[in-house]
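Quick notes on the structure that follows.
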Amino acid sequence: MTQYWPFSGLTRAGALRERLIVSLDLGGTREALKMVDQLGRMVGMFKIGKQLFVSGGPDFVREIRRRGAEVFLDLKFHDTPRALMRTALEATRLGVRMFDVHLNGHADSVERVRGEINRLCHNEGLRKPHMVAVAMLMGVARDGGANLAPRGLDGVVEIARRAASAGLDGVITSPQCAPRIRSSCGRRFVIVTPVRCVHDGPNEFVDAAGAIHAGADFLVVGSPIWKAAEPMRAVREIVDQIDRGLRNATLGPSAVLLPRHS
Numbered sequence: 000m001t002q003y004w005p006f007s008g009l010t011r012a013g014a015l016r017e018r019l020i021v022s023l024d025l026g027g028t029r030e031a032l033k034m035v036d037q038l039g040r041m042v043g044m045f046k047i048g049k050q051l052f053v054s055g056g057p058d059f060v061r062e063i064r065r066r067g068a069e070v071f072l073d074l075k076f077h078d079t080p081r082a083l084m085r086t087a088l089e090a091t092r093l094g095v096r097m098f099d100v101h102l103n104g105h106a107d108s109v110e111r112v113r114g115e116i117n118r119l120c121h122n123e124g125l126r127k128p129h130m131v132a133v134a135m136l137m138g139v140a141r142d143g144g145a146n147l148a149p150r151g152l153d154g155v156v157e158i159a160r161r162a163a164s165a166g167l168d169g170v171i172t173s174p175q176c177a178p179r180i181r182s183s184c185g186r187r188f189v190i191v192t193p194v195r196c197v198h199d200g201p202n203e204f205v206d207a208a209g210a211i212h213a214g215a216d217f218l219v220v221g222s223p224i225w226k227a228a229e230p231m232r233a234v235r236e237i238v239d240q241i242d243r244g245l246r247n248a249t250l251g252p253s254a255v256l257l258p259r260h261s
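All the letters of the sequence shown, read from the start, carry residue numbers 0 to 261 under numbering that gives the first Met the number 0.
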């Protein structure tokens, strides 16, 4: 099966780096800002989760933007339609590049939110953020398997389809789900996946190259960068993997699963 991506054909180093999102959630606000200063010119975005946002608040997002970096606001908005509308519009005004929401069977409400964001950006001259749905709660179960949505892979793909129908830009999901979502939702649908050696069995994991080849557009990476002795070197290695994933277009979908390194 031929794989397509919205940014296919972009092989410049800058374009490759734009696909990498570094999670800031492994440190406090001070450590996170140091990471932004160190890597800001080398990556596409920085992810801020709930704990870090509660700690730093909107001003923390503004500070990262002031330093010239982009933000993925990973708060998984989940509320009444009116509250969701307000929070989504405020996230847009903050200037974040991406934020995520839960559909929860209310795709029509999310569609209205998308329309209001478009209107706000037009009226106030703001940039439209990527609005993505949570198609899988990220994490690794105790048995080593992926923590899929209740209906498994079919349920994840159905969420992605509803997100696309509602006018959302894409989903955040696991690398294992990316091929099915890409096939179902098309080449311009954005797929964001975390990469942190997600085990799919006792002897296999998904790396950055495999996730990109599976159809992911953006990769969220945390521990491999935070725990590296040289974070800048770790970023360069991940960007090289992204490049390899894009260039290995002749490999089949099984390339997503790679032998574990000893």
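Even for Gly, the Cβ is constructed at its ideal location relative to N, Cα and C.
Per the DSSP secondary-structure output, S22 pairs in a beta bridge with K46.
In the DSSP assignment, P193 is bridged to V219.
Comparing alpha carbon positions, the residue from T79, G94, V156 closest to S108 is T79.
Residue environment analysis places H121 among the exposed positions, since fewer than 16 neighbouring C-beta atoms fall within 10 angstroms of its C-beta.
Your pair V131 and V170 checks out as a contact, with CB atoms roughly 5 Å apart and the cut at 8 Å. In this structure, DSSP gives L152 a helical state, which the three-state scheme calls helix. For V70, the closest of R81, Q50, V35 by C-alpha to C-alpha distance is V35. Secondary structure note for G244: its alpha helix (DSSP H) is the uninterrupted segment 230-246. Less than 8 Å separates the beta-carbon of G43 from that of E17.
CA-CA distance, L245 to N117, rounds to 31 Å. As computed with DSSP, I171 is found in a beta bridge with V133, V191. For K75, the uninterrupted beta strand (DSSP E) segment begins and ends at 70-76. Taking C-beta separations shorter than 8 Å and ignoring five residues to either side along the sequence, the partners of K127 in its chain run T91, I116, N117, C120, following chain order.
Straight-line measurement puts the Cα of A233 at about 20 Å from the Cα of I47. Distance check between I158 and each of P174, Q175, I180 places I180 closest, using alpha-carbon atoms only.
A residue is called buried when at least 16 other Cβ atoms come within 10 angstroms of its Cβ; M231 does not meet this threshold and is exposed.
By the C-beta density criterion, G151 is exposed, having fewer than 16 other C-beta atoms within 10 angstroms.
According to DSSP, residue pairing for D99 in a beta bridge involves V131. For the options A87, G209, P223, the alpha carbon positioned closest to that of R243 is the one of G209. Each residue's CA atom was taken as its position, placing A228 and S222 some 12 Å apart. In this structure, DSSP gives A159 a helical state, which the three-state scheme calls helix. Between L38 and A31, the C-beta gap is not smaller than 8 Å, which leaves the two residues out of contact. If the five residues before and after K49 are omitted, its C-beta is found closer than 7 Å to the C-beta atoms of L74, all from its own chain and listed in chain order. Taking all protein chains shown into account, P57 has fewer than 16 neighbouring C-beta atoms within 10 Å of its C-beta and is therefore exposed.
Put simply, of R40, R160, H101 the residue whose alpha carbon is nearest the alpha carbon of G67 is R40. Within the same chain, Cβ atoms closer than 6 Å to the Cβ of L15 are found at V238, I241, D242, the five residues on either side in sequence being excluded.
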